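Take a look at the structure set out below.
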Amino acid sequence: MNKSIVPSAIALIQLLSLIHLYYTFKYGSSHIPMVFIELNIMAVCNMPVLVLGYFLHVKSANKMRIWWVPIALAVAVIVVLLITYLIMFVNK
Numbered sequence: 001m002n003k004s005i006v007p008s009a010i011a012l013i014q015l016l017s018l019i020h021l022y023y024t025f026k027y028g029s030s031h032i033p034m035v036f037i038e039l040n041i042m043a044v045c046n047m048p049v050l051v052l053g054y055f056l057h058v059k060s061a062n063k064m065r066i067w068w069v070p071i072a073l074a075v076a077v078i079v080v081l082l083i084t085y086l087i088m089f090v091n092k
């Protein structure tokens, strides 16, 4: 069995979520901050990805480089959310 299926599937789901987020941002309703809500949900869903990445990549004996893609996407989503919160806090 190919061990790169799990990180590839996670990365594919993350990319599809980011595409949906962009589509919602571009063509969604402006009455409800749907993009901000979806970004929060994506950040919460990416927390287990970071935990999986820690246990399956960082602590493993044989490291697979493919794990860096879902880890990087998860970190990017969380950093964008934190920057958004920071901007909202500064503009309060």
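Under the numbering used here, the sequence shown has 17 at position 17, and the numbering climbs by one with no breaks. Glycine residues also receive a C-beta, built at the ideal position from the N, C-alpha and C atoms. Just so we're clear, the structure is a prediction, and the values are computed from it rather than from any experiment.
On the DSSP letters alone, give me the boundaries of the alpha helix (DSSP H) that residue i sits inside.
| i | result |
| --- | --- |
| ILE41 | 34-53 |
| LEU12 | 5-27 |
| MET88 | 68-90 |
My guess is that residue i and residue j are in contact by the Cβ rule of under 8 Å, so how many angstroms apart are they, rounded?
| i | j | result |
| --- | --- | --- |
| VAL44 | PRO70 | Rounded, the Cβ-Cβ distance is 15 Å, inconsistent with contact. |
| LEU52 | GLN14 | About 12 Å; that fails the 8 Å criterion. |
By how many angstroms is the C-alpha of residue j removed from the C-alpha of residue i?
| i | j | result |
| --- | --- | --- |
| VAL75 | ASN46 | 8 Å |
| TRP68 | ALA11 | 10 Å |
| VAL6 | TYR23 | 26 Å |
| TYR27 | ALA61 | 45 Å |
| LYS3 | VAL58 | 15 Å |
| PHE89 | MET34 | 19 Å |
Exercise. Is it a yes or a no for the segment 33-42 touching the segment 73-86, going by three-plus beta-carbon pairs under 8 Å?
Worked result: yes
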